[in-house]
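When we follow my numbering, the leftmost residue of the sequence shown carries the number 1023, and every step to the right adds one. Note that beta-carbon positions come from the ideal geometry of N, C-alpha and C, so glycine has one too. Everything on this sheet refers to the single structure shown next.
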Amino acid sequence: MQTEEIIAKINSFLSEEFEVDIDTITPDAVLKDTLGLDSLDYIDLVVVIETNFAFKVQPEDFTGIVTFQDFYDYVAAKVQPKELV
């Protein structure tokens, strides 16, 4: 899966799951603020990631994720190595 495909898939499911306009999801936007995430929403986010990308998310993985670009990079790093195997 190419990075562009990953980003499109992420934007699509985040827009649907968190009911935000897809145009507000930009690489430099703050993930928490744009999606209006609280602690319970992070659980939903983890479930959505695991369902859509088939890898296990560790809670500590979110410590460095601030922007959507951070999130895209995180998912791409987890997904792309699995495809090489």
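Check, Outcome
"By the three-class DSSP mapping on this structure, what secondary structure does Thr1048 have?", "coil"
"Inspect the CB distances between the region 1078–1088 and the region 1043–1051 and report whether three or more fall short of 8 Å.", "no"
"Between which two residues does the alpha helix (DSSP H) harbouring Leu1062 extend?", "Ser1061 to Phe1075"
"What are the partner residues of Thr1089, as DSSP defines its beta bridges?", "Val1052"
"What would DSSP say about Gln1080, mapped onto helix, strand or coil?", "coil"
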